[in-house]
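Residue numbers (our numbering): 121 to 1013.
Below, the structure written as structure tokens:
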């Protein structure tokens, strides 16, 4: 469409109406417009680069709701417009939203991740004079957070995650284009360096310098500890602080800075908006705005800038590592999803941020203080006049604020000491050693030679040795016995409040597992001001035969010791290696013994749930599950090596290496079930004349009578199958839970459950098992390589973080899976297909009687499903042909 003229108050109503009619038509909206109302947004401190307007478009059809638009336009100050035009701000932002974003969306869609580019506002139009967006404020309740208060951890989680996604998408997209040269030939306006522009230097250079001088004056007023050292630091950069900012932008060391991305360029608090839940006031949404100064540079440029311009200092210090690890996890997950995985460690990310720290630090110090925020709010760009006077106008307003706020100025002086200390001691690249803030956690070395009890932290959970055994959870227990039991468990966790009532009921989770019954225990306290504690309890079923089978493999004892002994040791190892928080994908465990295990209630308290097992997992779920499996394997690999090998490790943790499927109890129960499933699959194929049927039937008949032995043989270890890790042993859909965002229904969390049959073996055992028991077949086939590369990237990165690098290749990983394929394939085909899952959902373990009856009941339920679902029978037959073809291709003959 023809360019819209600059927004001007002298435009007639007809001209305004024609302009927006044209914009709407270009977006496919052809309804007749009756009126266009333009007014100032009134957003406080909403930005320096434009005036922001609300435009309401009303339609002739009164049944059609008005359309609310948010418009960025030039101010009426010619000097300000000249500055904005000098760096092509409006054109840059227009082309970012109108050209780059649609292309990025198509790219993500082509990789199977439609919807990944979901944290920018919808843009209706843009040119050199205006940019027109959806009105997030009026239509979706978004708002700017207060810039002078800076962001808390709740806001940081959203902002840093979306920044990581923005970087990752651009990194992958530029790679897809064939590199930066080809990319920027297509998008020439997206790589800018506005700070080096003579006009910007003339305006902002003196402003930053004034900020430094003001800080010096502030410190000279107050005799506080550390003042003189801080004064010397500030005086040492007087006259060159702006040059340090430019150097941080222009000097690019591709070897050390490693990853170049499309930086936002100005990712700070006022260039993002947040959506809050109107009931809880919790943040539920975040969008990035004002992409006028994007540039191709190290990702550390944006990250450091955001941390020092927008995050509360106390939050930044307390959560520095957590924030960077959130960024790192999201960045790596996203580039992996898009087919361009990178191996980036926390240490490498930190170095990248440090290399660019002068950009964010000195901009933040000179420009993003409370006094400056207040000053900018009081300045009307339309009335500033010549922008060369801008720094004087700001300085005058800052000095006025200082005189009016003497109490806050002492606090400012104290913060300056800490802030300069942060920069000089911890972050300046001049130092060879870089601890994560000297105010932060010390990281003790783990002494593997000491007894484990010495390594368990104060908040870790007791094993069965630490308190008297708790009896089996039985319906015959009296309310008083329940109360005493849980009171004892709580006391062992440091909770000494008097318990008034314990309510135990079945969880009602559908198909939640075969190894136990799942209960909800609600502990109420005498003090009504204390919220009840919700617990999730795994206990024996009421079937003695089932309990006998579980006891034969020590299911509860194994899981208890995994959570109460192994997990604390793994946490200490990770902490000792500077990766505290890495072991974050298991539920909190309060207690365990040979009869029950008590966890936090992820369902009631944090909204976790089981996904539907019969639908199997899509790529979104797989991305979480395979990443956490890789971490689980990598942490165990490092810890076993730290112990000196499997001998010393399993001497300390003797119950963690279980070969459950070889035990007589499992063979007696599952052997006939697997065989019955193979026979049922043959019957289904014989019913339906589908292409490939005869070959598939022959494959199945060739394993009749020996399918369970194939599973047992796959568990046997061969030296060629290294690396060996602590396998989960039963890593499938019903042994994990996911947390969903209530607004978007997107997965935001994942935990691993049910560690009853862990075993020391090739990592291919778990990976193949998960792929064939849990992943949607169409997803597995379409994304096989991508899934393995996500696993591989996470595994290699994690073992390297923990000081035991492996550098496992894709080919080696694939060979490991192929060596172990019979384990996951035959269990998956027998027990976790739709018919098998439905059958198990209909079997009540408490009422089954002897577990030897399981195969009979299972077969009965399978046949019932086949008879009741004739329309699915043909689909099942076609899928059997495909999955057996997959098996043949993977099997090492």
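Every residue, glycine too, gets a C-beta built ideally from N, C-alpha and C. Computed from a prediction, not measured in an experiment: that's the story for all the values here.
Inset, instruction - Spell out a yes or no on whether the region 311-329 and the region 365-373 are touching, meaning 3 or more CB-CB pairs, one atom from each, closer than 8 Å. - result: yes
Legend entry - Contact check, residue 214 vs residue 246, beta carbons under 8 Å: Within the chain shown, residue 214 is the residue found at index 94, counting from 1. Within the chain shown, residue 246 is the residue found at index 126, counting from 1. In contact: residue 214 and residue 246 (Cβ atoms closer than 8 Å).
Inset, instruction - From the DSSP output, in three-state form, read off residue 794 for me. - result: Reading the chain shown from its first residue, position 674 is the one you call residue 794. If DSSP states are grouped into helix, strand and coil, residue 794 belongs with the helices.
Legend entry - Closest by C-alpha distance to residue 908, when choosing among 925, 725, 924, 938: In the chain shown, counting from the first residue as 1, residue 908 sits at position 788. Nearest C-alpha to residue 908: 938.
Inset, instruction - Look at residue 476 and residue 421 and say whether their C-beta atoms are less than 8 Å apart. - result: Residue 476 sits at position 356 when you count from the first residue of the chain shown. Residue 421 sits at position 301 when you count from the first residue of the chain shown. With contacts defined as CB atoms closer than 8 Å, residue 476 and residue 421 qualify as a contacting pair.
Legend entry - Reference residue 282; option with closest CA among 542, 342, 449: Numbered from its first residue, the chain shown carries residue 282 at position 162. The option with the nearest alpha carbon to residue 282 is 449.
Legend entry - Residues that DSSP places opposite residue 218 in a beta bridge: Taking the chain shown and counting its residues from 1, one reaches residue 218 at position 98. Partner(s): none; residue 218 has no beta bridge.
Inset, instruction - Enumerate, from N- to C-terminal direction, the unbroken beta strand (DSSP E) stretches of 3 or more residues contained entirely within the region 360-432. - result: 380-383, 392-396, 403-408, 415-418
Legend entry - Same chain, Cβ closer than 6 Å to residue 405, five either side skipped, listed in chain order: Looking up residue 405 in the chain shown gives position 285. Excluding five sequence positions before and after residue 405, the CB atoms of its chain that fall closer than 6 Å to its own CB belong to 395, given in chain order.
Inset, instruction - Return yes when the Cβ of residue 403 is within less than 8 Å of the Cβ of residue 275, no when it is not. - result: For the purposes of this step, residue 275 is taken as residue 155 along the chain shown, with counting starting at 1. For the purposes of this step, residue 403 is taken as residue 283 along the chain shown, with counting starting at 1. The answer is yes: Cβ separation under 8 Å.
Inset, instruction - Would you identify the three-state DSSP class for residue 892, choosing helix, strand or coil? - result: As a position in the chain shown, residue 892 is number 772, starting the count at 1. Three-state result, residue 892: helix.
Inset, instruction - Indicate whether residue 943 and residue 831 have their beta-carbon atoms separated by less than 8 Å. - result: Here the question's residue 943 lines up with position 823 in the chain shown. Here the question's residue 831 lines up with position 711 in the chain shown. Going by C-beta atoms, residue 943 is nearer than 8 Å to residue 831.
Legend entry - Option in 640, 645, 638, 637 with minimal Cα separation from residue 607: What you label residue 607 is simply residue 487 of the chain shown in a count that begins at 1. It is 645 whose Cα lies nearest to the Cα of residue 607.
Legend entry - Contiguous beta strand (DSSP E) assignments of at least 3 residues, all confined to the region 140-165: 153-160
Legend entry - Environment of residue 882 [buried if 16+ CB atoms lie within 10 Å]: For the purposes of this step, residue 882 is taken as residue 762 along the chain shown, with counting starting at 1. Buried is the call here.
Inset, instruction - Identify which residue in 259, 433, 486 has its Cα closest to the Cα of residue 332. - result: Position 212 of the chain shown, counted from the start, is the residue given in the question as residue 332. The shortest C-alpha separation from residue 332 is found at 486.
Inset, instruction - Ignore the nearest five residues each way along the sequence and tell me which others in residue 350's own chain have a CB closer than 7 Å to its CB. - result: The residue you call residue 350 lines up with position 230 of the chain shown. Correct list, in chain order: 339, 536, 537, 540.
Legend entry - Buried or exposed by the 16-neighbour rule on C-beta atoms within 10 Å, applied to residue 206: Sequence index remark: in the chain shown, residue 206 carries index 86 (1-based). The residue in question, residue 206, is exposed, as its Cβ has fewer than 16 Cβ neighbours within 10 Å.
Inset, instruction - Pick out whichever of 613, 254, 180, 787 has its Cα sitting closest to the Cα of residue 826. - result: In the chain shown, residue 826 corresponds to position 706, counting from 1. The residue with the shortest Cα to Cα distance from residue 826 is 787.
Legend entry - Inter-stretch contact at 8 Å, needing at least 3 Cβ pairs: the region 719-729 / the region 451-466: no
Inset, instruction - Note the first and the last residue of the continuous alpha helix (DSSP H) segment covering residue 752. - result: Along the chain shown, read from residue 1 onward, the residue named residue 752 stands at position 632. Run containing residue 752: 739-763, per the alpha helix (DSSP H) assignment.
Legend entry - Proximal residues to residue 445 (C-beta, below 7 Å), its chain only, five neighbours per side dropped: Residue mapping note: residue 445 aligns to position 325 of the chain shown, counting from 1. Closer than 7 Å at Cβ, skipping near neighbours: 466, 701.
Inset, instruction - Take residue 482 as the anchor and find which of 455, 523, 356 has the nearest alpha-carbon. - result: Your numbering for residue 482 matches position 362 in the chain shown. Among 455, 523, 356, the Cα nearest to that of residue 482 is on 356.
Inset, instruction - Use the C-beta contact count for residue 299: other C-beta atoms within 10 angstroms, 16 or more gives buried, fewer gives exposed. - result: Locating residue 299 in the chain shown gives position 179, where the first residue counts as 1. Exposed.
Inset, instruction - Let me know if residue 930 comes out buried or exposed under the rule of 16 or more other beta-carbons within 10 Å of its beta-carbon. - result: Taking the first residue of the chain shown as position 1, residue 930 is located at position 810. Classification for residue 930: exposed.
Inset, instruction - Return the residue from the list 371, 256, 1001 that minimises the CA-CA distance to residue 815. - result: Position 695 of the chain shown, counting from 1, holds the residue named residue 815. For residue 815, the nearest C-alpha among the options comes from 1001.
Inset, instruction - State yes or no: is the C-beta of residue 748 within less than 8 Å of the C-beta of residue 705? - result: Here residue 748 corresponds to residue number 628 of the chain shown, with the count starting at 1. Here residue 705 corresponds to residue number 585 of the chain shown, with the count starting at 1. Result yes, Cβ atoms of residue 748 and residue 705 sit closer than 8 Å.
Legend entry - Separation of residue 719 from residue 620, as counted between CA atoms: Here residue 620 is taken as the residue at index 500 of the chain shown, counted from 1. Here residue 719 is taken as the residue at index 599 of the chain shown, counted from 1. Cα-Cα distance, rounded: 20 Å.
Legend entry - Spatial distance of residue 162 from residue 133 (CA atoms): Numbered from 1 along the chain shown, position 42 holds the residue referred to as residue 162. Numbered from 1 along the chain shown, position 13 holds the residue referred to as residue 133. For residue 162 and residue 133, the distance between alpha carbons rounds to 21 Å.
Legend entry - When 241, 433, 151 are compared against residue 268, the one with the closest alpha-carbon: Counting from one through the chain shown, the residue named residue 268 turns up at place 148. Comparing Cα positions, the closest option is 433.
Legend entry - Buried or exposed (CB count within 10 angstroms, at least 16 for buried), residue 579: Position 459 of the chain shown, counted from the first residue, corresponds to residue 579. Because residue 579 sits at a pLDDT of 31, beneath the cut-off of 50, its placement in the model cannot be relied upon, and the point is left open.
Legend entry - Beta-carbon gap between residue 821 and residue 1004 smaller than 8 Å: To locate residue 821, count along the chain shown from 1; it is residue 701. To locate residue 1004, count along the chain shown from 1; it is residue 884. Annotated as distal: residue 821 and residue 1004, with beta-carbon spacing of 8 Å or more.
Legend entry - Uninterrupted beta strand (DSSP E) stretches inside the region 866-892 (no shorter than 3 residues): Counting whole runs of 3 or more residues, the region 866-892 contains the beta strand (DSSP E) stretches 867-872, 879-882.
Inset, instruction - Look at the alpha carbon of residue 344 and the alpha carbon of residue 522, and state the distance between them as a whole number of angstroms. - result: Taking the first residue of the chain shown as position 1, residue 344 is located at position 224. Taking the first residue of the chain shown as position 1, residue 522 is located at position 402. Cα to Cα, residue 344 sits roughly 18 Å from residue 522.
Inset, instruction - Using the Cα positions of residue 392 and residue 170, report the straight-line distance between them to the nearest angstrom. - result: On the chain shown, residue 392 is found 272 positions in, with the first residue counted as 1. On the chain shown, residue 170 is found 50 positions in, with the first residue counted as 1. In this model, residue 392 and residue 170 are separated by some 15 Å (Cα to Cα).
Legend entry - Check whether residue 232 and residue 739 have beta carbons under 8 Å apart: Position 112 of the chain shown, counted from the first residue, corresponds to residue 232. Position 619 of the chain shown, counted from the first residue, corresponds to residue 739. Yes, the Cβ-Cβ distance between residue 232 and residue 739 is below 8 Å.
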